[in-house]
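Notes to accompany the following structure.
In UniProt numbering, the protein residues as written are 1 to 672.
Printed below as a string of structure tokens:
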């Protein structure tokens with residue numbers, strides 16, 4: 001029903017990407033266009049990556065009194081997807097549009113289904129925009145249902161209800177002989193109101209158990225009446241008066257009181273109970289376990305019962321004692337846990353849930369820890385690529401390489417506006433391609449046109465200003481790289497270390513060593529990757545140094561090592577690999593590196609352990625782990641969150657110990 005109301009709002013819609021995809025979440029609508037759940041996941045990815053943000057086409061944008069840019073509309077994204085089926089993006093843009101490569105092959109059929117949906121949406125957007133006489137609106141409902149929905153047995157009744165209500169609205173207008181043109185908005189609002197009322201009426205008296213809110217005309221006799229959530233401050237309901245309600249400022253006798261209405265509804269509910277009345281409220285706060293109190297109406301009812309009744313045998317007690325016993329008899333404080341021992345005491349409220357009995361009797365076995373060591377033997381041959389993949393993120397490697405488990409981050413909403421700045425991954429990808437282009441001394445203008453054709457840059461002069469800013473920054477980094485760059489070649493790796501044969505290739509090995517670059521700020525994780533390559537290079541007989549150039553004058557630089565010394569440190573990393581394949585190796589490069597950086601005394605090659613230094617190091621550790629409003633903390637990583645929900649002191653000690661063991665050589669040998 002909500003999807004149909006949304007379709008009636010097409011003339012006013014901005015066609016935001018999330019709103020259109022939300023229509024496909026309705027199974028009967030998606031079925032009409034042959035889009036299944038898996039296909040919808042692909043479409044969501046394609047819509048985001050192809051740059052679709054809002055607007056069906058440029059005409060739709062102009063109708064909203066906004067300038068048409070030719071980008072970030074559904075028409076722009078579809079053009080990119082269809083071009084991607086016909087040609088690759090490496091061939092360049094076509095009419096200032098860059099093909100989208102992912103929508104190729106057999107799966108490209110999804111693009112056709114999406115195009116069919118958008119064509120129908122655009123046709124109905126135009127058709128519904130003009131006011132019409134009532135008789136012309138009559139067939140619209142059936143035509144829309146046929147065009148957008150493929151009903152099944154479960155939704156046929158809802159479709160019938162929509163059409164019946166639509167026809168009833170039109171018929172009433174025709175019977176009133178209203179001859180003027182009627183805008184769609186009036187019919188849409190009336191239909192939405194009627195469908196809401198229909199749902200309300202269907203919820204009440206729908207079966208043997210009815211759930212509803214306290215409202216007038218609901219006080220029908222029932223055998224059992226249950227009032228839930230009767231807490232103080234919740235009922236009677238407290239409604240703040242409207243700002244323009246001047247009568248509430250000077251109430252007079254006879255004025256309506258919402259609070260008195262709720263008191264009356266409570267009394268009606270009591271009268272409606274024929275056999276049993278059950279009232280409950282939350283007695284303890286879920287935040288701090290503090291006591292919470294019942295509604296004043298419930299308290300008044302209990303006081304009245306306690307003062308006007310007594311239990312058999314209490315005739316000789318005082319009124320206060322008798323009242324206390326009556327209240328204790330009619331009220332019951334439930335335990336907060338199903339395994340509370342009190343639940344299994346003999347009585348009317350005794351629990352027979354067998355699954356909680358061991359915990360209640362304290363005879364059960366404690367759950368084993370989630371993290372358990374798995375036996376692992378190193379293979380005779382280990383590729384350098386696997387070693388690099390492991391040390392890029394040891395915890396992630398344990399899940400992916402050992403457990404064959406992969407976590408998918410929660411899907412984030414697609415932005416509903418075109419880009420005005422570059423954020424996150426898009427900025428990094430632009431900088432990476434721009435830096436490589438400048439280092440290779442190729443035409444950066446061609447790359448600019450490519451990004452603009454993909455819709456990745458802000459429109460017009462804003463995109464040019466952003467591009468110039470990024471180019472200046474990358475040019476300074478490229479100049480540093482070009483000054484040190486020489487002709488490189490690939491070096492084959494085949495060496496025995498710690499009983500394991502390491503095989504693979506080291507790319508771009510120069511006469512004076514390794515030269516790497518990245519368009520990002522300096523980080524310990526990148527230093528670890530360079531350190532691993534440097535150890536392999538030196539162990540194979542290399543005599544040069546290894547350098548990694550980064551933004552803002554950032555740099556990692558390691559001097560040449562003797563082959564035996566390099567093999568010793570490489571063996572340590574192989575031991576870490578073996579340990580990390582048995583259980584997660586808690587090496588957090590940024591958090592652990594922040595601790596080491598605060599404690600390491602480079603002049604004396606020693607770790608300081610005085611109280612002031614340790615306190616400073618702990619602060620730096622937590623800053624790197626928790627992050628801030630600008631920098632994302634390492635603790636937000638989904639792989640670490642799977643191991644622990646909250647960072648405990650024991651975990652911190654393990655992280656510091658493991659990080660110091662494997663990361664300290666980076667700081668010891670770094671000469672930048």
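All C-beta atoms in this analysis are idealised placements derived from N, C-alpha and C, irrespective of residue type, glycine included.
From a predicted model like this one, the values you see are computed outputs, not experimental measurements.
Is the beta carbon of residue i sitting closer than 9 Å to the one on residue j?
i           : j           : result
residue 31  : residue 150 : yes
residue 624 : residue 599 : no
residue 21  : residue 414 : yes
residue 659 : residue 595 : yes
residue 163 : residue 184 : no
residue 548 : residue 570 : no
residue 111 : residue 82  : yes
residue 124 : residue 24  : no
residue 77  : residue 50  : yes
residue 431 : residue 470 : yes
residue 148 : residue 29  : yes
residue 129 : residue 1   : no
residue 667 : residue 597 : yes
residue 481 : residue 515 : yes
residue 585 : residue 398 : yes
residue 715 : residue 165 : Because the chain here runs from 1 to 672, residue 715 falls outside it and cannot be looked at.
residue 54  : residue 17  : yes
residue 84  : residue 108 : yes
residue 387 : residue 532 : yes
residue 647 : residue 567 : no
residue 353 : residue 340 : no
residue 450 : residue 98  : yes
residue 215 : residue 298 : no
residue 219 : residue 277 : no
residue 326 : residue 347 : no
residue 88  : residue 104 : yes
Could you round the C-beta distance between residue i and residue j to whole angstroms and report it? I think they count as a contact, below 8 Å.
i           : j           : result
residue 391 : residue 121 : 50 Å between Cβ atoms; not a contact.
residue 70  : residue 133 : About 38 Å; that fails the 8 Å criterion.
residue 382 : residue 500 : 5 Å
residue 234 : residue 295 : 7 Å
residue 258 : residue 5   : The Cβ separation is near 30 Å, so there is no contact.
residue 513 : residue 544 : 3 Å
residue 94  : residue 393 : 39 Å between Cβ atoms; not a contact.
residue 590 : residue 490 : At roughly 31 Å, the Cβ-Cβ gap does not stay under 8 Å, so residue 590 and residue 490 are not in contact.
residue 402 : residue 374 : 7 Å
residue 423 : residue 459 : Incorrect: roughly 16 Å between the Cβ atoms, too far for contact.
residue 61  : residue 73  : 7 Å
Tell me whether residue i is buried or exposed, calling it buried when 16 or more other Cβ atoms sit within 10 Å of its Cβ.
i           : result
residue 119 : exposed
residue 406 : exposed
residue 462 : exposed
residue 301 : buried
residue 629 : exposed
residue 244 : exposed
residue 309 : exposed
residue 90  : exposed
residue 200 : The predicted model places residue 200 with a pLDDT of 47, which falls under 50 and marks its position as unreliable; any figure quoted below should be read in that light. Exposed, because fewer than 16 other Cβ atoms sit within 10 Å of the Cβ of residue 200.
residue 313 : exposed
residue 225 : buried
residue 141 : buried
residue 284 : exposed
residue 293 : exposed
residue 318 : exposed
residue 343 : buried
residue 615 : exposed
residue 456 : buried
residue 682 : No answer is possible for residue 682: the residues shown for the chain start at 1 and end at 672.
Compute the minimum distance between the beta carbon of residue i and the heavy atoms of the ligand GDP, and state whether it is under 8 Å.
i           : result
residue 314 : Ligands displayed in this structure: none; no statement on the ligand GDP is therefore possible.
Query - At least three beta-carbon pairs within less than 8 Å, the stretch 466-479 to the stretch 496-512 - result: The stretch 466-479 and the stretch 496-512 do not touch, with fewer than 3 CB-CB distances between them shorter than 8 Å.
Query raised in the report: Enumerated in chain order, which unbroken segments of the alpha helix (DSSP H) with a length of 4 residues or greater are wholly contained in the stretch 253-341?
Result: Those alpha helix (DSSP H) runs which fall completely within the stretch 253-341 and span 4+ residues are 258-272, 296-308, 319-330.
Query raised in the report: Using 8 Å as the threshold, is the stretch 524-543 in touch with the stretch 560-576, meaning 3 or more CB pairs across them?
Result: Because the criterion of three Cβ pairs below 8 Å is met, the stretch 524-543 and the stretch 560-576 touch.
Query raised in the report: Does the count of Cβ pairs from the stretch 324-336 and the stretch 264-272 closer than 8 Å reach three?
Result: Segments in contact, no.
Query raised in the report: In the stretch 147-216, which residue ranges form an unbroken beta strand (DSSP E) of at least 3 residues, counting only runs that do not cross its ends?
Result: Fully enclosed beta strand (DSSP E) runs of 3 or longer: not present.
Query raised in the report: Touch check for the stretch 435-442 and the stretch 520-530: three-plus C-beta pairs under 8 Å?
Result: Cβ pair count under 8 Å is below three, so no.
Query - the stretch 580-588 / the stretch 548-559 touching (three or more Cβ pairs under 8 Å) - result: Judged by Cβ distances under 8 Å, the stretch 580-588 makes no contact with the stretch 548-559, as fewer than three pairs qualify.
Query raised in the report: Residue ranges of each alpha helix (DSSP H) run of no fewer than 4 residues wholly in the stretch 30-55, ordered along the chain?
Result: DSSP runs (the alpha helix (DSSP H)) wholly in the stretch 30-55: 37-49.
Query - Length-filtered (4 minimum) alpha helix (DSSP H) runs lying within the stretch 591-629 - result: Counting whole runs of 4 or more residues, the stretch 591-629 contains the alpha helix (DSSP H) stretches 611-626.
**Report entry** Start-end ranges of the alpha helix (DSSP H) lying completely within the stretch 383-468, minimum 4 residues
**Finding:** Taking only runs of at least 4 residues, the alpha helix (DSSP H) segments lying wholly in the stretch 383-468 are 384-392, 394-397, 424-439, 444-453.
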